[in-house]
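Residue numbers (this note's numbering): 6 to 340.
Think of the CB as a built atom: it goes at the ideal place given N, C-alpha and C, for glycine as much as any other residue.
These figures come from a predicted structure and were not determined experimentally.
Only one structure is covered here, and it is reproduced in the block below.
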Amino acid sequence: MSQIYASFKSIGAYVPEKILSNADLETMVDTTDEWILKRTGIKERHIAADDEVTSDMGAKAARLAIDRADIDKEEIDLVLCATVTPDYFNMPSTACIISDKLGIKNVQAFDISAACSGFVYLLTVAKAFVESGMKKNVLIVGAEKFSSIVDYTDRSTCILFGDGAGAAIISATSKKEEAFVDVHASADGSYADFLVTPAPGTVNPVSQKVLDEGLQYVQMKGNETFKLAVKTLTKDVKEILAKNEINSDEIPHFIPHQANYRIIKAVGDALKMKEEQVVLTVGKYGNTSAASIPMAINDIWESGRLQNGELMLLDTFGGGLTWASALLPFAGKAK
Ligand code: ACO
Numbered sequence: 006m007s008q009i010y011a012s013f014k015s016i017g018a019y020v021p022e023k024i025l026s027n028a029d030l031e032t033m034v035d036t037t038d039e040w041i042l043k044r045t046g047i048k049e050r051h052i053a054a055d056d057e058v059t060s061d062m063g064a065k066a067a068r069l070a071i072d073r074a075d076i077d078k079e080e081i082d083l084v085l086c087a088t089v090t091p092d093y094f095n096m097p098s099t100a101c102i103i104s105d106k107l108g109i110k111n112v113q114a115f116d117i118s119a120a121c122s123g124f125v126y127l128l129t130v131a132k133a134f135v136e137s138g139m140k141k142n143v144l145i146v147g148a149e150k151f152s153s154i155v156d157y158t159d160r161s162t163c164i165l166f167g168d169g170a171g172a173a174i175i176s177a178t179s180k181k182e183e184a185f186v187d188v189h190a191s192a193d194g195s196y197a198d199f200l201v202t203p204a205p206g207t208v209n210p211v212s213q214k215v216l217d218e219g220l221q222y223v224q225m226k227g228n229e230t231f232k233l234a235v236k237t238l239t240k241d242v243k244e245i246l247a248k249n250e251i252n253s254d255e256i257p258h259f260i261p262h263q264a265n266y267r268i269i270k271a272v273g274d275a276l277k278m279k280e281e282q283v284v285l286t287v288g289k290y291g292n293t294s295a296a297s298i299p300m301a302i303n304d305i306w307e308s309g310r311l312q313n314g315e316l317m318l319l320d321t322f323g324g325g326l327t328w329a330s331a332l333l334p335f336a337g338k339a340k
């Protein structure tokens, strides 16, 4: 029997219409466009409409990914969603709702929670299902309505995050040249308090106290997270490249999690990456958590920069703390 590999067949994304600019934020909190741009590289972020939920955005991104993979939705045999802003805390899963919105029936569907690392975590799960022979076409979605857990009176967090979704089809192939080269994910729960939404959950069930203290909003130890992100991401990408005997100058597309331009620059510099190798979307989307990497992949696909067979290096870091990286060729059709 020939070996089965997992391959990255297509990409799609959805960006909500409404833009929240730095100038808008200047009217909401004590901040300036100059501070935000200098410290984060973010100019604007997109915010979902009041009646637009995470599964709406995920389903829109997924429809594009399915079309572009040239498969029928009936061929999908697993639906996975990474999100920390699910439609419901905590059931039904957003993956179930996305499946229903797409008309995908009687197919296994579930969510995972790994914050900004969610999409690369999904790649590890999809790879395992496909390469074990259990599934053939896996729909993976990273979708976030992060604005729903942001306190727009807290200047240290509200300037960072945006909403959006990205999706991909991971399919079985017998062609080794289409296969994921490597993917790895890790975590360290001892840093759980670096990035946390304290409620709702069993620690802080919904109560008047929760609402009075704003415990439903994301809290972040920004500076500590920043330092650890640079250190961990640099080590992680160096390791995956060394393990696979690939030099950083052989990577046409380095697609890091889009949290902060300074983090991306520090990691890119440590790897001696040239500007044209590094994909940057943080300026226009902000940090969209699990949606950030597929939204960035979609950007280079839609602009015609991503060609069949080209190698992508993905790298991410987020709440948990979690981190992950992946080395894989784009096995779909170029635009
Ligand atoms: N405007 C103006 N001043 C501000 C703002 C603002 N929006 N926010 C903070 N400041 C002030 C602070 O109050 C502080 O003032 P002080 O010195 O008088 O106390 C000063 O700026 C410096 O604050 P720091 O927090 O030290 O600023 P830093 O340079 O670290 O930048 C930032 C903050 C942008 C949040 C950065 O730390 C960061 O990007 N952290 C990492 C984020 C990340 O990677 N998260 C992981 C993924 S997210 C996920 O998983 C969901």
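Taking only the alpha-carbon atoms, compute the straight-line gap between Thr286 and Ser212 and give it to the nearest angstrom.
Position 281 of the sequence shown, counted from the start, is the residue given in the question as residue 286. Position 207 of the sequence shown, counted from the start, is the residue given in the question as residue 212. Roughly 38 Å separates the two Cα atoms.
Under 6 Å Cβ to Cβ from Gly337, same chain only, skipping five residues before and after it: list those, please.
On the sequence shown, position 332 is the one that residue 337 refers to. Lys14 and Ser15, listed in sequence order.
Less than 6 Å between C-beta atoms, sequence neighbours within five positions excluded: which residues of the same chain meet that for Gln113?
Locating residue 113 in the sequence shown gives position 108, where the first residue counts as 1. Counting only Cβ-Cβ distances below 6 Å, and skipping sequence neighbours, we find Leu83.
Please work out which residues of its chain come closer than 6 Å, Cβ to Cβ, to Glu176, disregarding the five sequence neighbours upstream and downstream, and give them in chain order.
Position 171 of the sequence shown, counted from the start, is the residue given in the question as residue 176. Reading off the sequence shown, one finds Ser at residue 176, where the question assumed Glu. The residues are Ser12, Lys14 and Asn142.
Between the C-alpha atoms of Ile268 and Asn292, what's the straight-line distance to the nearest angstrom?
Walking along the sequence shown from the start, residue 268 turns up at place 263. Walking along the sequence shown from the start, residue 292 turns up at place 287. For Ile268 and Asn292, the distance between alpha carbons rounds to 12 Å.
What does the Cβ neighbour count give for Thr90, buried or exposed, with the cut at 16 atoms within 10 Å?
As a first step, residue 90 must be located in the sequence shown, where it is residue number 85. Classification for Thr90: buried.
Pick helix, strand or coil for Leu42, following the three-state DSSP scheme.
Counted from its first residue, the sequence shown places residue 42 at position 37. Helix at Leu42.
Count the C-beta pairs between the segment 161–171 and the segment 187–202 that are closer than 8 Å, then say yes if the count reaches three, no if not.
Taking 8 Å as the limit for Cβ pairs, the verdict is that the segment 187–202 does not touch the segment 161–171.
Which complete alpha helix (DSSP H) runs does the segment 114–143 hold, if anything under 4 residues is left out?
Taking only runs of at least 4 residues, the alpha helix (DSSP H) segments lying wholly in the segment 114–143 are 123–136.
According to DSSP, which residues form a beta bridge with Leu200?
Locating residue 200 in the sequence shown gives position 195, counting from the first residue. Partner(s): Met225.
Cα separation between Thr178 and Trp40?
Here residue 178 refers to the residue found at position 173 when the sequence shown is read from its first residue. Here residue 40 refers to the residue found at position 35 when the sequence shown is read from its first residue. Those two C-alpha atoms are separated by around 48 Å.
Who does Thr90 pair with in a DSSP beta bridge?
As a first step, residue 90 is located in the sequence shown; it is residue number 85 there, counting from the start. In DSSP, Thr90 forms no bridge with anything.
What ranges does the alpha helix (DSSP H) occupy inside the segment 225–262, keeping only unbroken runs of at least 4 residues that lie completely in it?
227–248, all fully within the segment 225–262.
Around the Cβ of Asn111, are there at least 16 other Cβ atoms within 10 angstroms (buried) or fewer (exposed)?
Translated into positions along the sequence shown, residue 111 becomes position 106. Exposed, because fewer than 16 other Cβ atoms sit within 10 Å of the Cβ of Asn111.
Alpha carbon to alpha carbon, what distance is there between Glu31 and Thr37?
What you label residue 37 is simply residue 32 of the sequence shown in a count that begins at 1. What you label residue 31 is simply residue 26 of the sequence shown in a count that begins at 1. Their backbone Cα atoms lie some 6 Å apart in a straight line.
To the nearest angstrom, report how far apart Val201 and Ser7 are at their CA atoms.
Mapped onto the sequence shown, residue 201 falls at position 196. Mapped onto the sequence shown, residue 7 falls at position 2. The alpha-carbon atoms of Val201 and Ser7 are separated by roughly 45 Å.
Do Val186 and Leu276 have their C-beta atoms within less than 8 Å of each other?
As a working mapping, residue 186 is identified with position 181 in the sequence shown. As a working mapping, residue 276 is identified with position 271 in the sequence shown. Contact: no.
In this structure, how does DSSP classify Asp183 when only helix, strand and coil are distinguished?
Along the sequence shown, read from residue 1 onward, the residue named residue 183 stands at position 178. Going by the sequence as given, residue 183 is Glu instead of Asp. The answer is helix: DSSP assigns Glu183 an H, G or I state.
With respect to the beta strand (DSSP E) encompassing Pro210, which residues constitute its N-terminal and C-terminal limits?
Here residue 210 refers to the residue found at position 205 of the sequence shown. Looking at the DSSP string, Pro210 is not in any beta strand (DSSP E), and its letter there is neither H nor E.
Closest to Gly219 by C-alpha separation, out of Thr207, Arg310 and Pro203, would be which residue?
Along the sequence shown, one-based indexing puts residue 219 at 214. It is Pro203.
Should Phe94 be listed as close to the ligand ACO, given that the test is whether its C-beta is under 7 Å from any heavy atom?
Walking along the sequence shown from the start, residue 94 turns up at place 89. Answer for Phe94: no, Cβ out of range of the ligand ACO.
Can the beta-carbon of Asn265 be found less than 8 Å from the beta-carbon of Gly63?
Position 260 of the sequence shown, counted from the start, is the residue given in the question as residue 265. Position 58 of the sequence shown, counted from the start, is the residue given in the question as residue 63. Cβ distance not < 8 Å, so Asn265 and Gly63 don't count as in contact.
For the ligand ACO, is there a heavy atom less than 7 Å away from the beta-carbon of Ala234?
For this step, residue 234 is matched to residue 229 along the sequence shown. Yes.
What residues in its chain sit with their C-beta under 8 Å from that of Lys339, if we drop five residues either side in the sequence?
In the sequence shown, residue 339 corresponds to position 334, counting from 1. The sequence given here has Ala at residue 339, not Lys. Excluding residues within five positions, the ones whose Cβ falls inside 8 Å are Trp306, Gly309, Leu311, Gln312 and Asn313.
Given 8 Å as the limit, is there contact between the segment 320–329 and the segment 225–244, that is, 3 or more CB pairs closer than that?
The segment 320–329, when compared against the segment 225–244, does touch it at the 8 Å Cβ threshold.
For Leu85, which residues does DSSP report across the bridge?
The count along the sequence shown starts at 1 and reaches residue 85 at position 80. According to DSSP, which records beta bridges pairwise, Leu85 is partnered with Phe115 and Ile145.
Flag Gly324 as yes when its Cβ comes closer than 7 Å to any non-hydrogen atom of the ligand ACO, and as no otherwise.
Here the question's residue 324 lines up with position 319 in the sequence shown. Gly324 Cβ: within cutoff of the ligand ACO.
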